[in-house]
Amino acid sequence: MSQTVRGVVARAKGAPVEVVPIVIPDPGPGEVVVAIAACGVCHTDLHYREGGINDEFPFLLGHEAAGVVESVGEGVDSVAVGDFVVLNWRAVCGQCRACKRGQPQYCFSTFNATQKMTLEDGTELTPALGIGAFADKTLVHAGQCTKVDPSADPAVVGLLGCGVMAGLGAAVNTGGVTRGQSVAVIGCGGVGDAAIMGARLAGASKIIAVDRDDKKLEWATDLGATHTINSRSTDAVEAIKEITGGFGADVVIDAVGRPETYKQAFYARDLAGTVVLVGVPTPDMTLEMPLVDFFSHGGSLKSSWYGDCLPERDFPTYVDLYQQGRLPLEKFVTERIGIDDVEKAFETMHRGEVLRSVVIL
Numbered sequence: 007m008s009q010t011v012r013g014v015v016a017r018a019k020g021a022p023v024e025v026v027p028i029v030i031p032d033p034g035p036g037e038v039v040v041a042i043a044a045c046g047v048c049h050t051d052l053h054y055r056e057g058g059i060n061d062e063f064p065f066l067l068g069h070e071a072a073g074v075v076e077s078v079g080e081g082v083d084s085v086a087v088g089d090f091v092v093l094n095w096r097a098v099c100g101q102c103r104a105c106k107r108g109q110p111q112y113c114f115s116t117f118n119a120t121q122k123m124t125l126e127d128g129t130e131l132t133p134a135l136g137i138g139a140f141a142d143k144t145l146v147h148a149g150q151c152t153k154v155d156p157s158a159d160p161a162v163v164g165l166l167g168c169g170v171m172a173g174l175g176a177a178v179n180t181g182g183v184t185r186g187q188s189v190a191v192i193g194c195g196g197v198g199d200a201a202i203m204g205a206r207l208a209g210a211s212k213i214i215a216v217d218r219d220d221k222k223l224e225w226a227t228d229l230g231a232t233h234t235i236n237s238r239s240t241d242a243v244e245a246i247k248e249i250t251g252g253f254g255a256d257v258v259i260d261a262v263g264r265p266e267t268y269k270q271a272f273y274a275r276d277l278a279g280t281v282v283l284v285g286v287p288t289p290d291m292t293l294e295m296p297l298v299d300f301f302s303h304g305g306s307l308k309s310s311w312y313g314d315c316l317p318e319r320d321f322p323t324y325v326d327l328y329q330q331g332r333l334p335l336e337k338f339v340t341e342r343i344g345i346d347d348v349e350k351a352f353e354t355m356h357r358g359e360v361l362r363s364v365v366i367l
């Protein structure tokens with residue numbers, strides 16, 4: 007039997023979000039209903055509300071979440087009722103060309119629930135990133151659930167569902183940072199700071215944080231940056247080169263995703279160095295650069311999708327490191343809020359006052 011719970015819905019572009027009753031169907035084949043314990047407020051949710059993803063309103067927002075499996079549909083054997091899970095938007099299919107060549111972290115055909123959650127009048131909802139977790143409960147595909155240590159704080163580990171994993175993975179998976187390397191991270195919001203944490207975890211010797219906000223640079227230092235650059239008053243490229251002996255960093259991560267920051271990343275790397283783009287550009291952005299510079303600098307130019315993570319491999323590993331005190335994920339939780347406070351949290355996030363607000367349910 008379907009059930010009615012609270013959910014945060016964006017009905018129209020730019021309109022304030024509303025907490026309204028939503029209807030959750032019983033799980034069908036391959037589906038799971040999860041009782042949400044906590045869900046982070048991510049920029050992607052704001053992009054949905056602003057129509058920056060698509061126009062498939064109304065949206066059920068929220069996607070950085072952890073909770074407990076309440077019920078499972080036919081054929082589900084990967085999780086069971088009572089399992090504590092972190093939700094993800096890369097439910098690996100196992101059949102696409104990426105999966106078949108042994109690269110499931112690039113899966114091109116990820117799964118979502120087949121059935122739709124709805125408003126009480128039957129209007130179908132579009133769940134953010136196929137999750138929709140600013141709600142007491144949500145319906146997802148079983149592959150979107152990754153079991154982790156049930157003693158972990160859901161407000162903390164749920165953030166692996168998007169931004170924190172994107173940053174960690176940009177450094178560790180995509181950038182391949184290794185011991186002794188120099189790393190520069192441009193943009194020190196949640197994703198950039200997670201990349202800094204990942205670089206520290208991987209053993210980078212110099213970790214250079216670049217931002218235009220001194221408060222964000224303070225956060226970056228607390229999370230592992232060894233050097234900071236305020237690009238509002240300093241030429242970031244020249245400063246990075248000065249810190250690295252005139253050469254440039256081995257790996258430069260652009261966590262902003264603008265033409266200006268990508269150029270900074272490109273020219274701030276050492277010869278044969280690596281640039282990782284993890285910040286998401288808008289469709290209208292273009293880049294014009296001399297082609298010869300791409301040839302003469304060598305190295306690698308990479309884009310990082312969700313930190314090139316494999317949830318079933320990476321989530322339990324990072325949760326264990328957090329539980330051991332070796333990965334301070336708790337530092338990303340700036341405040342814990344109620345479900346009625348999401349609109350206010352968007353405003354706080356837009357002003358750059360938090361790393362993450364987390365909705366506790």
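Each number in our numbering corresponds to the 1-based position in the sequence shown with 6 added.
C-beta: ideal position from N, C-alpha, C; glycine also.
On a predicted model such as this, the values are computed, not experimentally measured, just so you know.
Scanning the segment 8 to 73 for uninterrupted beta strand (DSSP E) segments of 3 residues or longer gives 9 to 16, 24 to 30, 37 to 46, listed from N- to C-terminal end. Collapsing the DSSP output to three states places D260 in a strand. By the C-beta density criterion, I366 is exposed, having fewer than 16 other C-beta atoms within 10 angstroms. Under DSSP, N236 takes part in a beta bridge, and its partners are D217. Proximity to Q187 across A208, T180, M203 peaks at A208, based on C-alpha coordinates.
The distance from the Cβ of C45 to that of A71 is about 4 Å, consistent with a contact at the 8 Å cut-off.
Cβ neighbours of G57 within its own chain (closer than 6 Å, five residues either side excluded): K19. The beta carbon of A176 sits closer than 6 Å to the beta carbons of A201, I259, V282, V284, S310, G313 from its chain, once the five residues preceding and following it are set aside; these are given in chain order.
For C151, there is no enclosing alpha helix (DSSP H); the residue is part of the beta strand (DSSP E) that begins and ends at 151 to 153. Residue environment analysis places Q330 among the exposed positions, since fewer than 16 neighbouring C-beta atoms fall within 10 angstroms of its C-beta.
Rounded to whole angstroms, V25 and G13 show a C-alpha spacing of 5 Å. Between L52 and G164, the C-beta spacing is not below 9 Å.
Between G88 and the set P296, H356, V39, A21, the nearest pair of CA atoms involves V39. Going by C-alpha positions, P110 is about 32 Å away from Y273. Per the coordinates, the alpha-carbon of V74 lies some 46 Å from the alpha-carbon of A278. Straight across, the Cα-Cα distance linking N236 with E244 is about 12 Å. Following the DSSP letters along the chain, one finds F301 in no beta strand (DSSP E) but inside the alpha helix (DSSP H) bounded by residues 297 to 303. Taking 3 residues as the minimum length, the beta strand (DSSP E) runs contained wholly in the segment 300 to 334 are 306 to 309, in order along the chain. Runs of beta strand (DSSP E) with 3 or more residues, each lying fully within the segment 159 to 194, are found at 188 to 192, listed in chain order. Under DSSP, E130 shares a beta bridge with T124. Checking the DSSP bridge columns, you'll see V364 partnered with G46, R342. Collapsing the DSSP output to three states places D347 in a helix. For D127, there are no CB contacts under 7 Å within the same chain when 5 residues up- and downstream are skipped. About 6 Å separates the CB atoms of A134 and F65; that is less than 8 Å, so the two are in contact.
For E353, the three-state secondary structure derived from DSSP is helix. K337 is not bridged by DSSP to any residue. A buried status is given to K308, since no fewer than 16 other beta-carbon atoms sit within 10 Å of its beta-carbon.
Straight-line measurement puts the Cα of V78 at about 7 Å from the Cα of A86. Secondary structure of E359 (DSSP, three-state): coil. Cβ contact annotation for H356 (same chain, cutoff 8 Å, sequence separation greater than five): L52, in chain order.
Inside the segment 262 to 295, DSSP marks whole beta strand (DSSP E) runs of 3 or more residues at positions 275 to 283, from first to last along the chain. The beta carbon of R218 sits closer than 7 Å to the beta carbons of N236, S237, R238 from its chain, once the five residues preceding and following it are set aside; these are given in chain order. For the options E359, D320, V98, I343, the alpha carbon positioned closest to that of D155 is the one of D320. Of the candidates G230, R332, V286, the residue whose Cα lies closest to the Cα of A172 is V286. S211 sits away from C151, with the two beta carbons spaced by 9 Å or more. A Cβ-Cβ contact shorter than 9 Å links V197 with G169.
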